[in-house]
Each structure stands twice: as structure tokens, then as C-alpha cells.
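Asker: Quick note on numbering: the UniProt record's numbering labels position 287 of the sequence shown as 287, and the sequence is numbered without any gaps.
Where a beta carbon is used, it is the ideal one built from N, C-alpha and C, also for glycine.
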Amino acid sequence: MAKETHEFQAETKQLLNLMIHSIYTNHEIFLRELISNASDAIDKLHFASLTDKSILEGNEDYEIFLIPDKDSHTLTISDNGIGMNKEEIVENLGTIAKSGTKAFLEQLKKEKENAGNADISDNLIGQFGVGFYSAFMVAEKVTVVTRKAGEKEAVRWESTGDGSYTMEECEKETRGTTITITLGKDFYGDSAEENFTDNWNIQNLVKKYSDYVRYPIKMNFETEETPRDEEGKEIEGAEKIKKTEVRTLNSMQPLWTKNKSDISKEEYSKFLKTQFHEWEEPMEVFHNKAEGTVEYTSLLYIPAKAPFNLYHTDYEPGIQLYSRHVFIMDKCKDLLPDYLGFVKGLVDSPDLSLNISRELLQQSRELKTIGKNMEKTILKSLERKLSKDREGYEKFWAEFGKSLKIGIYNSMFTGNDIINKLKELLLFVSSKDGKNVSLKEYVERMPESQKKIYYATGTDQATIEKLPQMELLKEKGLEVLYLLDPVDEFAIEAIRTYADKEFQSISRGDLDLDDAESQEVKKETEELAKTNDDLIKDIKEALADKVAEVKISARLKSSAVCLVADAQGPSLSMEHTFAAMDN
Ligand code: ADP
Ligand code: MG
Numbered sequence: 001m002a003k004e005t006h007e008f009q010a011e012t013k014q015l016l017n018l019m020i021h022s023i024y025t026n027h028e029i030f031l032r033e034l035i036s037n038a039s040d041a042i043d044k045l046h047f048a049s050l051t052d053k054s055i056l057e058g059n060e061d062y063e064i065f066l067i068p069d070k071d072s073h074t075l076t077i078s079d080n081g082i083g084m085n086k087e088e089i090v091e092n093l094g095t096i097a098k099s100g101t102k103a104f105l106e107q108l109k110k111e112k113e114n115a116g117n118a119d120i121s122d123n124l125i126g127q128f129g130v131g132f133y134s135a136f137m138v139a140e141k142v143t144v145v146t147r148k149a150g151e152k153e154a155v156r157w158e159s160t161g162d163g164s165y166t167m168e169e170c171e172k173e174t175r176g177t178t179i180t181i182t183l184g185k186d187f188y189g190d191s192a193e194e195n196f197t198d199n200w201n202i203q204n205l206v207k208k209y210s211d212y213v214r215y216p217i218k219m220n221f222e223t224e225e226t227p228r229d230e231e232g233k234e235i236e237g238a239e240k241i242k243k244t245e246v247r248t249l250n251s252m253q254p255l256w257t258k259n260k261s262d263i264s265k266e267e268y269s270k271f272l273k274t275q276f277h278e279w280e281e282p283m284e285v286f287h288n289k290a291e292g293t294v295e296y297t298s299l300l301y302i303p304a305k306a307p308f309n310l311y312h313t314d315y316e317p318g319i320q321l322y323s324r325h326v327f328i329m330d331k332c333k334d335l336l337p338d339y340l341g342f343v344k345g346l347v348d349s350p351d352l353s354l355n356i357s358r359e360l361l362q363q364s365r366e367l368k369t370i371g372k373n374m375e376k377t378i379l380k381s382l383e384r385k386l387s388k389d390r391e392g393y394e395k396f397w398a399e400f401g402k403s404l405k406i407g408i409y410n411s412m413f414t415g416n417d418i419i420n421k422l423k424e425l426l427l428f429v430s431s432k433d434g435k436n437v438s439l440k441e442y443v444e445r446m447p448e449s450q451k452k453i454y455y456a457t458g459t460d461q462a463t464i465e466k467l468p469q470m471e472l473l474k475e476k477g478l479e480v481l482y483l484l485d486p487v488d489e490f491a492i493e494a495i496r497t498y499a500d501k502e503f504q505s506i507s508r509g510d511l512d513l514d515d516a517e518s519q520e521v522k523k524e525t526e527e528l529a530k531t532n533d534d535l536i537k538d539i540k541e542a543l544a545d546k547v548a549e550v551k552i553s554a555r556l557k558s559s560a561v562c563l564v565a566d567a568q569g570p571s572l573s574m575e576h577t578f579a580a581m582d583n
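#1: Relative to the ligand ADP, is the shortest distance from any of its heavy atoms to the C-beta of Met84 smaller than 6 Å?
#2: Can you list, in chain order, the residues of its chain with a C-beta nearer than 7 Å to that of Pro227? Leave out the 5 residues immediately preceding and following it.
#3: In or out: Pro468 buried (at least 16 other Cβ within 10 Å) or exposed?
#4: Alpha helix (DSSP H) containing Phe30: first to last residue?
#5: Looking at the structure shown, is Asn220 part of a helix, part of a strand, or coil, going by DSSP?
#6: Can you tell me where the beta strand (DSSP E) with Thr457 in it begins and where it stops?
#7: Just to confirm, does Asn309 get its C-beta within under 6 Å of one of the non-hydrogen atoms of the ligand ADP?
#8: The ligand ADP and Thr177: does any heavy atom of the ligand fall closer than 6 Å to the residue's C-beta?
#9: What do you reckon, are the CB atoms on Gly81 and Gly176 nearer than 7 Å?
#10: Could you compute how far the alpha carbon of Asp190 sits from the alpha carbon of Ile217?
#11: Quick check on the DSSP output: the alpha helix (DSSP H) that includes Ser210 runs from which residue to which?
#12: Here's the rule I'm using: 16 or more other beta-carbon atoms within 10 Å means buried, otherwise exposed. How should Asn195 be labelled?
#13: Do you know offhand how far Ile328's Cα is from Tyr454's?
#14: With a floor of 4 residues, list each alpha helix (DSSP H) that falls wholly inside the region 460-547, ordered by position along the chain.
#15: Tell me which same chain residues have a C-beta within less than 7 Å of the C-beta of Ile406, skipping the five on either side of it?
#16: Closer than 6 Å to a non-hydrogen atom of the ligand MG - does that hold for the CB of Ser261?
#17: Apart from the five residues just before and just after Lys13, which ones in its own chain have a Cβ nearer than 6 Å to its Cβ?
#18: On the three-state DSSP scale, how would you describe Tyr339?
#19: Figure out for me which residue from Lys260, Gly184, Lys435, Trp256 has the closest Cα to the Cα of His21.
#20: Once the 5 residues before and after Ser121 are set aside, which same chain residues still bring their CB inside 6 Å of it?
#21: Going by Cα to Cα distance, which pick from Asp433, Ala499, Leu404 is closest to Lys451?
#22: Could you check if Gly58 belongs to the surroundings of the ligand MG, using beta carbon to heavy atom distance under 6 Å?
#23: Between the region 62-70 and the region 164-174, are three or more C-beta pairs nearer than 8 Å?
#24: Please report the distance separating the alpha-carbon of Asn17 from that of Leu75.
#25: Check the C-beta distance from Met283 over to Lys395 and give it rounded, since I have them as a contact under 8 Å.
#26: Apart from the five residues on each side of it in sequence, which residues of its chain come closer than 6 Å, Cβ to Cβ, to Gln320?
#27: Taking 7 Å as the threshold (C-beta atoms), are Val285 and Tyr296 in contact?
#28: Straight-line CA distance for Gly126 to Glu33?
#29: Would residue 594 and Met167 be called neighbours here (beta carbons separated by less than 7 Å)?
#30: Near Cys332, which residues of its chain fall below 6 Å by C-beta distance, leaving aside the five closest residues on each side in sequence?
#31: DSSP three-state label for Gln253, please.
#32: Do Lys141 and Thr182 have their C-beta atoms closer together than 7 Å?
#33: Give the straight-line distance between the Cα atoms of Glu524 and Thr531, rounded to the nearest whole angstrom.
Spelled out as C-alpha cells, the structure:
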């Protein structure tokens, strides 16, 4: 392959531009990003090797090597992971295939507008998985030499970030990827504010950001030693001996193997941040050791914020799996049910076999047992939070409430009895005070004569409050739940009843308020309908197929007409949802 020049995809260019013109002040995180890519690449190799040993080419000593070089102003990050072939390079480093990038750019714009030109929050880059390009924050030129494990041809990729990159065939003996950054003038030399050719600086950054990376991150240190005499005493005045010593910079000790009581809140939080691309303190931490039918340790987190794409198809949920502290798999989707996709963390169990394929692992009985237990633990703790720490729970609810509602809806198809736990965790905005209310609270405070749980659907509170039907209920002092998210109504449909009370949409069918006054009005309306038969017929004809039925209503106060849905058919907001889904 002769040297080829390729253009970056338009969006990549845009992103590179942002990186180079340093919208972003925390330059040092590029190192964390490249180390995390190196670690991911070793994970991938390791996982592939479980079913095909040959790709290891006889070398199972995984490592990441850092080489700062003062003379050439370069920093090299090298791994013996899976590597990339030519097609993969083009795909991974030339384009931004992920839809997340668009969202990233938009979010960035927003933050910039809000914050002026001041600090753009640190968290965007890692969160949106555009890590590799962060190298261009400090680089004049980035050179990638890589060979895919099991393949012969190696490729050299190079770019100054100006819109194009070159590729050519080259030689590389060992598998994996070597990235050499030729540093820009602000990033090397003793007078530089951030000197990335300095061993000590690099060592500190690794400690700060990458301490828990599970492969050794190594670096050469030059040391000087005074020669010693036969008795081991230093010889005075002798010329020092220069030595090169390889040191591992990260501690690698798996945090979850330590005792709970020996782990500080900061450590838990640091672990989440360095291992799972999180930026804020976790909302909840669950660290459990179980010794029942299946033995395992789990360390799970509920992050502070829902990821921007949690409900998009490109969101990848999943828990990391380890067996006896050895990494098996990232993002295992079969452990926790889909609705807990926002939970991050890992499970380490000697009962999970290392040498089985992904497919077999998914069917493993041990995995199912562990998953069930973890789900229970999480729900129990949420229940406790709801009753003991309302403010905290409301924060959780604002971020992840939708997930629980989806969980309820999904359990209709799986026949899962978890629905009984989930419904206790629901909150809805109440017509009473505009605050969140649980179903339990609603039922506890409803008047004895009330037989049903009333709810109204709409896109926002103000719209619902303007519904003609609301007037009547308000007047009667009946509390109405506001279902502001389309999925709310699906959840309600799935639950069907709560404490033997049915749910009643105020915009569906007859309201059937059971008090004496309402019965009276009902009778009156029926009579009115009889005497106005002709009028109703006329209206119906005029509206033709636009409505299914025209009725005289008892539920109107000052409004002349209102639209209601069929008692059996979908409600109005569900119809809107279905219509939106078809598009
Ligand atoms: P992310 O890591 O979130 O996927 P990055 O921008 O950091 O995004 O990396 C883009 C892609 O480039 C990775 O998904 C991976 O496929 C590839 N890549 C980057 N660094 C390496 C590496 N050291 N070894 C193998 N592949 C790599
Ligand atoms: Mg990355």
C-alpha cells in the first residue's frame, strides 16, 4: 500500500477543530483517554483469546507502556491489545460513526453559550466517547502504528488534525497499537505549564486518572547509583552508574476485593469515575459479598445523572464480569433486567467460568441467580430511600423514574412479578399541590367515598389544568395524578389496579363519580339527552367521521364541549404516542 491521504469526515473535522482550538481547559485528560483505549483494546484481545488462543501469538503479558521523550518532544502510549487493521482505522479514527457525536457537539454548543468562554465542564469528552481526538488538544501531530492481532499487515496513520490524515503500510513486530504524540510547544520542556515529557508529571496523572486500570501501565525511570565496594559501602567520588528501571505506575488492586470498612467514600467515587466514564459523585453505591448457592461480589452504582442517550437504541447498558478478579467481559446485558440499564458496575464470581463463550454465558444459571439478587438489592434500597430520604429519592426519580415505568410496562410481557415492587416506587405529580405523590400516599389520603384513582394525561401541567374535566374534579376536591410522560399511561395500564382501586382517566369514558350529587346530575343528563335527541343527531352528522360518539355530558362546568376518549379504546395521549411512533 502506497501512502494514501484521506479526508476526515465532516463531523470529525468539526470536532478536531474544537479540540485544537481548545474549547477545553483540562488538557491532561487526553492521557486518561488514550490509556483507557489501550485498556479497552487489551480487554478485547483477552476476550477474543478465550475462544481463540492463537491470536495471543504466544504473548499473554498484557501491558501498556508510556515513553515520554524530552529530546524529540514526544509522548508514546503503547499497548499489546487487539490492534486495528486498515479498515478499522478508517472506521474508528477517520469517521465518527457514533450518533453520540452529534449530541456531543450540540451539548458543547449549549454549554458554551451558557458558560461564555469560561470552563466547559470536563465531562463531555469521555461521556460521549470521542476520546481519541482529545490527543489533538496537546499534539502537533499524532502518529498511530498498529497491527491487528493475528494479522500480518501493520499500518501507520498520521495526522496533524488539519482535516486530513495519511495511511501507509509498515512493519510492526508486536501486535497492538503504538500512539506517538508530537507535543505542541506549550506541552513540553521545563518551562511549560504542563509538561508531558516529564516522568513525574506522567506518573502523577496515571495515579490520578488511571490507577485502577487492570493492566500494568509501565514506564522507564532513569536512576543513578553510586558504585559500592565489596562490603556494600558507597565508594566516595566514584562516577555514578546510570540505570534504567521499569516501574508499574498503577496499583491495579481491585477495589471490590477490599473490605467495605476499609474503603472510603472518595475511593468508591474515584473508582466509578476512572472505570466507568462518570464525572459526578455517585447517587448510590452497592457493595455486596454473597455466599449462598452462588458466590459473588458485586459493586454497583447508580450514577448521579442519566446518560444523554439512555433511552436511545445506541445506549449500551451492561455490567462488567470478572471471575476471580480476572476480567471476562464488559457490558454484560444479561445480568440485570433492561429497565436497570442505568446501573453501572461489576460482578466478580468464581462460579462464572472464564472459558466459555458469550452465548453460553448468557444462559448461565449462575448469572441469572446473581442478576435476580442484585435486582432485589437495588429495589429494596430504592424503597428504603423513598421512605427515609424523600429528597434524595426525588432526585433519583427525576433522573431515572422513566426507567422504572418502562420496567413496569415490560413486565407485562415477561409476566414478571417485580411489578408489585415497582409500583410502590412510582411518583406522579398531584393536582393537590403540584408535588410528587406515590400511589400509596394518594390512596391513603383519598376520601372514603372515592372508589377510583383519577389521572389525567398531557404534555405539561398547565395544559392538564386547563382541561374542562379538571374543573369538576377540583370542585369536588378529588385529587388527580398528572401523567406527563407518555410512558406513564402505559405503566398505569400495566398495573391496572392499586390497593384494589382502578385507575380512571378523566378524559376517558364516563367519569362516574360515585357521590350522590353526581348520581343526580347523571340522571338529569340522561333525561336531557333524551329530549335533545335531534340536536345530538345533527351534531353527529355535521362532525361525521371525526368523532365516534356525541353525548350530553355531566362533567362540564364552564366549557361548552370537551373531547373524551372511548372507555375501552386508547386514551388521547396514547393515541398521540402511537401516532408519533408511526412517523
Ligand atoms: P471510544 O473509546 O469511546 O470507542 P475513542 O475515540 O476513544 O472512542 O476511540 C475510538 C475507537 O478507536 C475505539 O472504539 C477503538 O475501536 C479504536 N481505538 C482507539 N484506540 C485504540 C487502541 N489503542 N487499540 C485498538 N483500537 C483503538
Ligand atoms: Mg475511548
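Answerer: If we stick to the structure as given:
#1: yes
#2: Shown here for Pro227: same chain residues with a beta carbon closer than 7 Å to its own, the five before and five after excluded, namely Ile235, Ala238, Ile241 in chain order.
#3: buried
#4: Counting along the chain, the alpha helix (DSSP H) containing Phe30 begins and ends at 29-49.
#5: strand
#6: 452-457
#7: No, since every heavy atom of the ligand ADP falls outside the 6 Å radius drawn around the Cβ of Asn309.
#8: Yes, since a heavy atom of the ligand ADP falls inside the 6 Å radius drawn around the Cβ of Thr177.
#9: yes
#10: 24 Å
#11: 199-210
#12: buried
#13: Going by the C-alpha atoms only, they are around 49 Å apart.
#14: 461-465, 468-475, 486-495, 516-531, 533-543
#15: Tyr339, Val487
#16: Checking the Cβ of Ser261 against the ligand MG gives no.
#17: Gly163
#18: helix
#19: Comparing alpha carbon positions, the residue from Lys260, Gly184, Lys435, Trp256 closest to His21 is Gly184.
#20: Because the pLDDT at Ser121 is just 48, under 50, the model does not fix this residue reliably, and the value given afterwards should be weighed accordingly. Around Ser121: no qualifying Cβ.
#21: Ala499
#22: no
#23: Touching, no, given that fewer than three Cβ pairs across the two stretches are closer than 8 Å.
#24: 22 Å
#25: 7 Å
#26: Asp330, Leu346
#27: no
#28: Bear in mind that the predicted position of Gly126 carries a pLDDT of just 49, short of 50, making it unreliable; the figure below should be weighed with that in mind. Taking the straight line joining both Cα atoms gives about 7 Å.
#29: With the chain running from 1 to 583 in the structure shown, residue 594 is simply not present.
#30: Gly318, Ile319, Leu321
#31: coil
#32: yes
#33: 11 Å
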